[in-house]
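Quick note: to get our numbering, add 69 to the position in the sequence shown (first position is 1). For every residue, glycine included, the Cβ atom is placed at its ideal position computed from N, Cα and C. Computed from a prediction, not measured in an experiment: that's the story for all the values here. Data first, discussion second: the structure below is written as structure tokens.
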Amino acid sequence: MHTGKSPQAFEKVCVVGLGYIGLPTAAFIASKGVHVTGVDVNSKFVESINKGEVPFFEPGFDVLLKRVVEEGYLVAQTEQIEADAYIVCVPTPFKENHKVDTKFINAAVKAMAPHLRPGALVVLESTSPPGTTENMANYILELRPDLSLDEDDENAIFVAHCPERVLPGQIMEEMENNDRVIGGLTPRGTQLGVDLYGTFCTAELLQTNATTAEMAKLTENSFRDVNIAFANELSLISDRLGIDVWELIDLANHHPRVNILQPGPGVGGHCIAVDPWFIVSSVPEESKIIKTAREVNDGKPEWVMSKVTKALKGLDAPVVAALGIAFKNDIDDLRESPSLNIVKRLGEENPELDVRVVEPNVDELPDSLSAIANVKKQDLQGAVAEADLILLLVNHKEFLALDPSVLDDKTVIDTKGIWR
Ligand code: SAJ
Numbered sequence: 070m071h072t073g074k075s076p077q078a079f080e081k082v083c084v085v086g087l088g089y090i091g092l093p094t095a096a097f098i099a100s101k102g103v104h105v106t107g108v109d110v111n112s113k114f115v116e117s118i119n120k121g122e123v124p125f126f127e128p129g130f131d132v133l134l135k136r137v138v139e140e141g142y143l144v145a146q147t148e149q150i151e152a153d154a155y156i157v158c159v160p161t162p163f164k165e166n167h168k169v170d171t172k173f174i175n176a177a178v179k180a181m182a183p184h185l186r187p188g189a190l191v192v193l194e195s196t197s198p199p200g201t202t203e204n205m206a207n208y209i210l211e212l213r214p215d216l217s218l219d220e221d222d223e224n225a226i227f228v229a230h231c232p233e234r235v236l237p238g239q240i241m242e243e244m245e246n247n248d249r250v251i252g253g254l255t256p257r258g259t260q261l262g263v264d265l266y267g268t269f270c271t272a273e274l275l276q277t278n279a280t281t282a283e284m285a286k287l288t289e290n291s292f293r294d295v296n297i298a299f300a301n302e303l304s305l306i307s308d309r310l311g312i313d314v315w316e317l318i319d320l321a322n323h324h325p326r327v328n329i330l331q332p333g334p335g336v337g338g339h340c341i342a343v344d345p346w347f348i349v350s351s352v353p354e355e356s357k358i359i360k361t362a363r364e365v366n367d368g369k370p371e372w373v374m375s376k377v378t379k380a381l382k383g384l385d386a387p388v389v390a391a392l393g394i395a396f397k398n399d400i401d402d403l404r405e406s407p408s409l410n411i412v413k414r415l416g417e418e419n420p421e422l423d424v425r426v427v428e429p430n431v432d433e434l435p436d437s438l439s440a441i442a443n444v445k446k447q448d449l450q451g452a453v454a455e456a457d458l459i460l461l462l463v464n465h466k467e468f469l470a471l472d473p474s475v476l477d478d479k480t481v482i483d484t485k486g487i488w489r
């Protein structure tokens, strides 16, 4: 629904949290000639961004960042400023009980509160359980009782939720071209959100309320989790039946209304392995399939471990080449990575093993692996040549390009089905 009014112009925008989502969002807005202040508590990130350097790997993004920094439209700093609009893109991890931990949102809002002025828009972009945007707004009012959420009040601020949707690895394309869901706590909050995201997003800007927007995001990622769990469950069933699961899925997918996803070593990343729990912890009684899917996907690394243990039986002082520790192909993101978890357990639980990790997307192993004496990093060719067992964990392009004949005399566990 459009009000017919011309869109609100934003001169100064403050993006809080410069990670995989916040930084590209800040850069896209800045590329439209809006002055953006990117804020992060990590001063190393801030320094690197102000030099035009991306602190993580995302194809094609380096060119955009360099440009907006050089043109002066994006400046990074550790302090928030007075702005027309704020976008909060901080992590929302869960606690032991799978309930959200809002400490980063609270910290962001606390630092924002002194700078907020009437008329400002505050958008929460971090993935959050239903009700979080409203709680955030109430916390703002606690800190700034002079402000109001009543649209008719001259001291009103406007609050909305606009969940991010981009796929890591395809951010340059998806940031502009994915439809967005925008839900305000009030109609004007929604409209201002639409105006803000309309500065750089050329796709549909779908309007709703804040709670539905929160739930839409969780629903999207739970949909994917449930579908991957189906593929992972099929891989366990097929293994028992002596069937090639990839052939099975390929055959089934020829049905016009079947589209099964791919099994793997488990589900990683900070989104799909986390977000469904926000639904389960909000409404536990009713979230049966969503909970079971999480358990199936979380159980897959254990199953891979049991396969490796079986394959290693009888081998004396074996060398294992573990191919890939990122949470998925062709990125450097290790968050919640099932592959990283498998390699860590492999090294820790089997001190007699010599584990060679091949990960083309990172320069150094993370501390969790470099602390294990029998785990080290190696190049692909060397590791494959020296290993008795090849454990393929991620379908990185370098592994897809490997001549399969080098595997001829090796024991191979291929969790992604690339060498079938
Ligand atoms: N995976 C499989 N089999 C598949 C597809 C994926 O095992 O067939 C695994 C991947 O290897 C990875 C995990 O699932 O470990 C998640 O990967 P992904 O590519 O499905 O998703 P993410 O986490 O990179 O990004 C998702 C996306 N959500 C959806 O596709 C519904 C993205 O659009 C969201 O913006 C992102 O979560 C997010 O930040 O929420």
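Whole angstroms is fine: what's the gap from residue i's alpha carbon to residue j's?
i: Gly333; j: Lys113; result: 34 Å
i: Thr361; j: Lys382; result: 32 Å
i: Phe163; j: Pro370; result: 20 Å
i: Asn111; j: Glu302; result: 40 Å
i: Glu116; j: Glu433; result: 21 Å
i: Glu421; j: Leu458; result: 14 Å
i: Leu212; j: Thr161; result: 21 Å
i: His71; j: Val453; result: Confidence in His71 is poor, its pLDDT being 46 and thus under 50, which makes the residue's placement too unreliable to answer from.
i: Gln149; j: Val105; result: 11 Å
i: Val84; j: Tyr155; result: 6 Å
i: Pro128; j: Ser356; result: 36 Å
i: Val132; j: Thr378; result: 45 Å
i: Asp109; j: Val178; result: 13 Å
i: Ile441; j: Leu409; result: 13 Å
i: Glu80; j: Gly267; result: 14 Å
i: Val263; j: Ile251; result: 7 Å
i: Val207; j: Thr281; result: Contrary to the premise, residue 207 reads as Asn rather than Val in this sequence. Asn207 and Thr281: Cα-Cα distance of roughly 18 Å.
i: Ser307; j: Asn328; result: 17 Å
i: Ile239; j: His339; result: According to the sequence as given, residue 239 is Gln; it is not Ile. Those two C-alpha atoms are separated by around 16 Å.
One question on the structure: do residue i and residue j come within less than 8 Å of each other, judged by their Cβ atoms?
i: Ala249; j: Ala279; result: In the sequence on display, residue 249 carries Arg and not Ala. No, the Cβ-Cβ distance between Arg249 and Ala279 is not below 8 Å.
i: Leu254; j: Thr196; result: no
i: Gln385; j: His465; result: Correcting the residue type first, residue 385 is Asp in the shown sequence and not Gln. No, the pair does not count as a contact, with Cβ atoms beyond the cut-off.
i: Tyr142; j: Pro237; result: no
i: Lys286; j: Pro199; result: no
i: Glu467; j: Pro429; result: yes
i: Phe299; j: Gly258; result: no
i: Glu243; j: Arg186; result: no
i: Asp423; j: Val388; result: yes
i: His167; j: Val365; result: no
i: Arg425; j: Gln447; result: yes
i: Asp344; j: Asn290; result: yes
i: Leu190; j: Asp219; result: no
i: Phe126; j: Asp401; result: yes
i: Val103; j: Val82; result: yes
Cutting at 6 Å between CB atoms, please list the residues of its own chain near residue i, excluding the five before and the five after it.
i: Ala342; result: Val336, Glu405
i: Asn296; result: Leu330
i: Val138; result: Gly121
i: Trp315; result: Gly486, Arg489
i: Asn119; result: Ala145
i: Phe97; result: Met244, Phe269
i: Glu455; result: Val388
From the DSSP output, which residues share a beta bridge with residue i?
i: Arg249; result: Leu274
i: Arg425; result: Ala390, Lys445
i: Thr281; result: Per DSSP, none; premise fails for Thr281.
i: Cys83; result: Thr106, Tyr155
i: Leu193; result: Val157, His230
i: Asp483; result: Leu461
i: Leu143; result: Val105
i: Ala225; result: Ser217
i: Val169; result: Phe163
Which same chain residues, not among the five before or five after residue i, have their C-beta less than 7 Å away from its C-beta?
i: Thr484; result: Gly333, Pro334, Val373, Leu461, Leu462
i: Leu305; result: Trp372
i: Pro473; result: Trp488
i: Ala516; result: The structure shown does not extend to residue 516, since the chain spans only 70 to 489, so no value can be given for it.
i: Arg293; result: Ile341
i: Asp477; result: none
i: Ala180; result: Gln149
i: Met284; result: Pro199
Give me the Cβ distance between residue i and residue j, rounded to the nearest whole Å; I'm assuming they're in contact under 8 Å.
i: Phe347; j: Val169; result: 6 Å
i: Leu415; j: Pro435; result: Contact doesn't hold; Cβ gap of about 15 Å is too wide.
i: Asn490; j: Leu216; result: Residue 490 lies beyond the stretch modelled for the chain, which goes from 70 to 489, so this question has no answer here.
i: Val412; j: Ala391; result: 5 Å
i: Val192; j: Leu265; result: 7 Å
i: Leu438; j: Val431; result: With 8 Å as the limit, Leu438 and Val431 do not qualify as a contact, their Cβ atoms being about 10 Å apart.
Suppose the cutoff is 8 Å on Cβ atoms and the five residues either side in sequence are ignored; what does the same chain contact list for residue i look like?
i: Gly311; result: none
i: Asn12; result: This structure gives no information on residue 12, because the portion of the chain shown stretches from 70 to 489.
i: Glu194; result: Ile90, Gly91, Thr94, Ile156, Val157, Cys158, His230, Cys231, Pro232, Glu233
i: Gly393; result: Ser408, Val427, Glu428, Leu461, Leu462, Val463, Asn464, His465, Phe468
i: Pro256; result: Glu220
Are any of the Cβ atoms in chain C nearer than 8 Å to that of residue i?
i: Leu210; result: Of the protein chains in the structure, only one exists, and it is not chain C.
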